[in-house]
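Asks:
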Amino acid sequence: MHERRKLTRWCTERQAKVKLAGAEAFAECTVSDINLKGAKICLKITLPKDTLVKFCLQLGEDFSIEAEAWIVWHRIINGHNMYGLYFTKLRDLDREKIYQFVYRHSPQEIHKQWWRDLPEKKGGGAMQDRRVFERFKVQLPMRFLDSSRNQEGQANTCDISAKGVGCLGNTELTPATLIEVWLQIPDQGEPLYTRGQIAWSKEVEPQVWRAGINLEKADLMGLSRVLRA
Numbered sequence: 256m257h258e259r260r261k262l263t264r265w266c267t268e269r270q271a272k273v274k275l276a277g278a279e280a281f282a283e284c285t286v287s288d289i290n291l292k293g294a295k296i297c298l299k300i301t302l303p304k305d306t307l308v309k310f311c312l313q314l315g316e317d318f319s320i321e322a323e324a325w326i327v328w329h330r331i332i333n334g335h336n337m338y339g340l341y342f343t344k345l346r347d348l349d350r351e352k353i354y355q356f357v358y359r360h361s362p363q364e365i366h367k368q369w370w371r372d373l374p375e376k377k378g379g380g381a382m383q384d385r386r387v388f389e390r391f392k393v394q395l396p397m398r399f400l401d402s403s404r405n406q407e408g409q410a411n412t413c414d415i416s417a418k419g420v421g422c423l424g425n426t427e428l429t430p431a432t433l434i435e436v437w438l439q440i441p442d443q444g445e446p447l448y449t450r451g452q453i454a455w456s457k458e459v460e461p462q463v464w465r466a467g468i469n470l471e472k473a474d475l476m477g478l479s480r481v482l483r484a
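Mapping of the sequence shown onto my numbering: residues 256 to 484, in sequence order.
1) For residue 453, decide whether its Cβ has a neighbour in chain D, counting only Cβ atoms nearer than 8 Å.
2) Where residue 285 and residue 298 are concerned, what is the direct C-alpha to C-alpha distance, given to the nearest angstrom?
3) Residues bridged to residue 480 by DSSP?
4) Which parts of the region 321-358 are runs of the alpha helix (DSSP H), unbroken and 4 residues or longer, counting only runs that do not cross its ends?
5) List the endpoints of the continuous beta strand (DSSP E) containing residue 288.
6) Considering only their Cβ atoms, is the gap separating residue 469 from residue 408 smaller than 8 Å?
7) If distances are taken between C-alpha atoms only, which option among 314, 275, 458 and 294 comes closest to residue 303?
8) From the DSSP output, in three-state form, read off residue 362 for me.
9) Are the beta-carbon atoms belonging to residue 454 and residue 430 less than 8 Å from one another?
10) On the three-state DSSP scale, how would you describe residue 319?
11) Among the candidates 279, 280 and 294, whose CA atom is the shortest distance from the CA of residue 269?
12) Just verifying my parser: in three-state terms, what is the DSSP assignment at residue 300?
13) To which residues of the same chain is residue 350 closer than 7 Å at the C-beta, ignoring the five residues directly before and after it?
14) Give the DSSP bridge partners of residue 407, in chain order.
15) Go to residue 271, then tell me how far its beta strand (DSSP E) extends in each direction, as first and last residue.
16) Does the distance from the C-beta atom of residue 215 to that of residue 393 stay below 8 Å?
17) Measuring alpha carbon to alpha carbon, tell me which of 447, 441, 404 and 399 ends up nearest residue 417.
18) Among 300, 264 and 457, which has the Cα closest to the Cα of residue 425?
19) Name the DSSP bridge partner or partners of residue 294?
Given below as structure tokens:
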């Protein structure tokens with residue numbers, strides 16, 4: 256089956272365990288690749304094709320997720336069943352667990368596929384400022400995900416506060432869109448994850464857009480980490 260994905264799949268090839276709803280025990284499996292929309296897993300048991308399944312997937316000791324997925328395709332490779340899963344229900348907490356799992360066990364996948372070829376930092380016109388939290392001019396690589404449109408993108412921050420992010424990139428962002436954001440902070444730690452809504456977007460140069468993101472909640476700890484770095 257020819258797969259037309261817009262979201263990056265992270266190759267993991269990690270041993271895991273899966274338990275279907277109603278089952279009494281976990282079954283051994285291998286997670287070949289995964290992202291926030293689906294996964295490719297290999298296991299001995301047979302699953303019904305073109306069916307919606309609920310399951311618990313233990314990616315590791317600290318990374319147990321519960322999800323609902325549609326079995327999109329099935330192949331038999333070397334006597335094992337290979338399945339393509341499309342997540343239909345996945346909690347925000349479990350989405351973050353998937354990212355944390357990949358970042359811990361396959362960090363090269365994150366850096367190779369997300370943080371390369373970032374757009375050059377470019378200027379933008381000053382915007383009128385009516386904010387409760389002070390903004391600090393900080394330039395950091397940024398990745399974002401609009402899961403409602405299966406759209407990934409990259410940009411650079413212009414300024415940051417505990418409740419908002421200003422960014423500049425080559426992708427036009429639509430106001431009122433909910434997005435997930437990862438900021439690459441140069442402190443040897445993992446990227447800072449947050450969520451927010453696009454407040455405004457403006458083309459400041461040909462094919463260069465500046466946008467403002469209202470964060471879902473004030474993140475004072477995250478801002479402190481940015482400023483320390």
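Glycine included, C-beta positions come from ideal geometry on N, C-alpha and C.
Please read these numbers as outputs of a predicted model, since none were measured by experiment.
Replies: Concretely, from the data shown:
1) Here chain D cannot be found, since the structure has a single protein chain.
2) Counting from 1 along the sequence shown, the entry for residue 285 is found at position 30. Counting from 1 along the sequence shown, the entry for residue 298 is found at position 43. Each residue's Cα considered, the two are about 7 Å apart.
3) Translated into positions along the sequence shown, residue 480 becomes position 225. Paired residues: none, contrary to the question.
4) none
5) For this step, residue 288 is matched to residue 33 along the sequence shown. Start and end: 282-289.
6) Start at 1 with the first residue of the sequence shown, and residue 408 comes out as number 153. Start at 1 with the first residue of the sequence shown, and residue 469 comes out as number 214. Taking C-beta atoms as the reference points, residue 408 and residue 469 fail to come closer than 8 Å.
7) Position 48 of the sequence shown holds residue 303. Of the listed residues, the one whose Cα sits closest to residue 303 is 275.
8) As a working mapping, residue 362 is identified with position 107 in the sequence shown. Correct three-state label for residue 362: helix.
9) On the sequence shown, position 199 is the one that residue 454 refers to. On the sequence shown, position 175 is the one that residue 430 refers to. Contact: yes.
10) On the sequence shown, residue 319 is found 64 positions in, with the first residue counted as 1. Three-state DSSP puts residue 319 in a strand.
11) As a first step, residue 269 must be located in the sequence shown, where it is residue number 14. The residue with the shortest Cα to Cα distance from residue 269 is 294.
12) As a working mapping, residue 300 is identified with position 45 in the sequence shown. Three-state result, residue 300: coil.
13) Residue 350 sits at position 95 when you count from the first residue of the sequence shown. Listed in chain order, the non-local C-beta contacts of residue 350 below 7 Å within the same chain comprise 291, local neighbours out to five positions each way being set aside.
14) The residue labelled residue 407 in the question sits at position 152 within the sequence shown. According to DSSP, which records beta bridges pairwise, residue 407 is partnered with 400.
15) In the sequence shown, the residue the question calls residue 271 occupies position 16. From DSSP, the beta strand (DSSP E) with residue 271 extends over 265-275.
16) Lying outside 256 to 484, the shown extent of the chain, residue 215 is not represented and no answer is given.
17) Taking the sequence shown and counting its residues from 1, one reaches residue 417 at position 162. For residue 417, the nearest C-alpha among the options comes from 447.
18) Counted from its first residue, the sequence shown places residue 425 at position 170. Checked all of 300, 264 and 457; the closest Cα to residue 425 is 457.
19) In the sequence shown, residue 294 corresponds to position 39, counting from 1. Residue pairing for residue 294: DSSP places it in a beta bridge opposite 289 and 340.
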